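A.B. asks: Following this message is one structure expressed as structure tokens.
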Amino acid sequence: MGITSASTYFQKKTKYSAKEVYDTNVTYLFIVFSIISLIIIILKSTGFFLADYSWSLIIAGLSIVLCTFFNTAFINFYVADERIPEANKCNLIMNFLKSILIFILWIFGNLNVFTFVLCQFVPVIVSILIFHKNLGITYNIGFNKQLLKSEFKFGIVIYLATLFIYLNYRMDQIFIKNMLGEQQLGIYSIAVSLAELLFLIPGSVGTAILGRLY
Numbered sequence: 001m002g003i004t005s006a007s008t009y010f011q012k013k014t015k016y017s018a019k020e021v022y023d024t025n026v027t028y029l030f031i032v033f034s035i036i037s038l039i040i041i042i043l044k045s046t047g048f049f050l051a052d053y054s055w056s057l058i059i060a061g062l063s064i065v066l067c068t069f070f071n072t073a074f075i076n077f078y079v080a081d082e083r084i085p086e087a088n089k090c091n092l093i094m095n096f097l098k099s100i101l102i103f104i105l106w107i108f109g110n111l112n113v114f115t116f117v118l119c120q121f122v123p124v125i126v127s128i129l130i131f132h133k134n135l136g137i138t139y140n141i142g143f144n145k146q147l148l149k150s151e152f153k154f155g156i157v158i159y160l161a162t163l164f165i166y167l168n169y170r171m172d173q174i175f176i177k178n179m180l181g182e183q184q185l186g187i188y189s190i191a192v193s194l195a196e197l198l199f200l201i202p203g204s205v206g207t208a209i210l211g212r213l214y
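Using the UniProt record's numbering, you'd call the opening residue of the sequence shown number 1 and step up by one each time.
What follows is the structure, encoded as structure tokens:
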């Protein structure tokens with residue numbers, strides 16, 4: 001709901017300390033993850049959702065969601081502290097490790113859905129451990145309702161904008177799948193992924209100046 005995006009502003013421009021923002025946001029992420037996990041587990045158990053997927057893949061997927069939550073939150077704290085080179089190095093290590101693992105599994109013929117999911121999970125765990133070790137903030141269970149309310153008010157616009165952009169990018173895939181089939185959808189998805197590499201340049205510049213803008 002835009003909380004992680006709002007943390008950079010509230011860490012630097014408000015009366016709240018970085019520790020208070022950190023504790024509140026991490027606790028909130030735990031709560032959101034618990035709700036998401038509970039809903040997915042109930043729907044999976046009743047056969048309404050993800051019925052064709054094994055529990056091992058479900059658990060691995062939920063683990064990736066949790067790790068992605070924390071990885072994004074940590075990056076925003078590093079941006080607020082203007083420690084962007086450290087965050088970039090950590091992301092570089094994570095993605096390089098991910099690519100190496102996938103390549104090794106492919107060479108030995110062991111690349112499948114489950115091992116691919118593990119390749120997404122392990123590097124993110126490494127990234128989180130590095131981020132947490134170097135952040136210098138110890139987590140304590142805490143929840144500031146007023147801070148969270150202010151972050152919601154600040155971040156909801158960012159969240160909605162990101163949500164609609166995501167839906168706009170994915171809507172065409174739904175049409176292609178239903179009209180042309182999964183094979184054409186696969187080709188289209190690869191082409192879109194290559195085209196989206198162009199966003200790396202403005203994205204990199206934006207990250208570098210975001211900390212100073214706040």
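Idealized CB from N, CA, C, for every residue including glycine. Remember, predicted model here, so these are calculated numbers, not experimental data.
1. Between which two residues does the alpha helix (DSSP H) carrying S45 extend?
2. Use the C-beta contact count for L92: other C-beta atoms within 10 angstroms, 16 or more gives buried, fewer gives exposed.
3. Check E82 in the structure and name its three-state DSSP category.
4. Between the beta-carbon of residue 265 and the beta-carbon of I64, is there less than 7 Å?
5. Going straight from the alpha carbon of L129 to that of I137, what length do you get?
6. Could you check if V79 is buried or exposed, using at least 16 other CB atoms within 10 Å of its CB as the buried criterion?
7. Tell me, please, whether the stretch 61-76 touches the stretch 30-44 by the rule of three or more beta-carbon pairs shorter than 8 Å.
8. How far does the alpha helix (DSSP H) with G186 in it extend, from its first residue to its last?
9. If you draw a straight line from the alpha carbon of K19 to that of I158, how long is it in whole angstroms?
10. Taking the runs of the alpha helix (DSSP H) that are 4 residues or longer, which of them lie wholly in the stretch 123-181?
11. Could you check whether the stretch 102-121 touches the stretch 41-57, counting it as contact only if at least three pairs of C-beta atoms, one from each stretch, sit closer than 8 Å?
12. In angstroms, rounded to a whole number, what distance separates the CA positions of I187 and K44?
C.D. replies: Let's see:
1. A18 to T46 is the extent of the alpha helix (DSSP H) around S45.
2. That one is exposed.
3. Reduced to three states, the DSSP call for E82 is coil.
4. One cannot answer for residue 265 here, as it falls past the ends of the chain, which runs 1 to 214.
5. L129 and I137: Cα-Cα distance of roughly 13 Å.
6. Buried is the call here.
7. With a cut-off of 8 Å on Cβ pairs, the stretch 61-76 is in contact with the stretch 30-44, counting three or more such pairs.
8. E182 to A195 is the extent of the alpha helix (DSSP H) around G186.
9. Each residue's Cα considered, the two are about 23 Å apart.
10. Runs of the alpha helix (DSSP H) lying entirely within the stretch 123-181, each at least 4 residues long, are 145-180 in chain order.
11. By the Cβ test, the stretch 102-121 is in contact with the stretch 41-57, since at least three Cβ pairs between them sit closer than 8 Å.
12. I187 and K44: Cα-Cα distance of roughly 30 Å.
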